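Participant: Quick one: this structure, given as structure tokens, is what I'll be asking you about.
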Amino acid sequence: MCGVPSFETNAIDCLPLKGSKMKEYYPYSFLRFMGDIDILIHDYDMEKAVALLKEKDYVPERDSYNHLALEKLPYMEIELHRKLL
1 MCGVPSFETN AIDCLPLKGS KMKEYYPYSF LRFMGDIDIL IHDYDMEKAV
51 ALLKEKDYVP ERDSYNHLAL EKLPYMEIEL HRKLL
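Residue numbers (the numbering used here): 1 to 85.
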């Protein structure tokens, strides 16, 4: 699982992408700026994942072929990716 507690308890397989993992390799975490959190999930889990994030006050913002972006004001954005490429 990917470390998102509500995803894990609801059996949503996921994989953190890019910055959330890269941050661990920097000598100091503050050196790796993060503008959003990217998570790869199965397309068939998208509806369930979005419902869980909506419960936490995230609002769907942009949907594309590759990912759905959800925002929680004032500054947090999560991108649920359907594909790596």
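By construction, the Cβ of each residue, glycine as well, lies at the ideal position given by its N, Cα and C atoms. Just so you know, these numbers come straight off a predicted model, no measurement behind them.
If we ignore side chains and look at the alpha-carbon of each, how far apart do D13 and K72 end up?
Facilitator: 22 Å
Participant: Do you know offhand how far Y65's Cα is from H81's?
Facilitator: 9 Å
Participant: Secondary structure at D43, three-state DSSP: helix, strand or coil?
Facilitator: Helix, per DSSP.
Participant: Write down the C-beta distance between D36 and I78 rounded to the nearest angstrom, noting that I regard them as a contact closer than 8 Å.
Facilitator: D36 to I78, Cβ: 7 Å. Contact.
Participant: Taking Cβ positions, are F7 and L52 nearer each other than 9 Å?
Facilitator: Yes, the pair counts as a contact, with Cβ atoms nearer than the cut-off.
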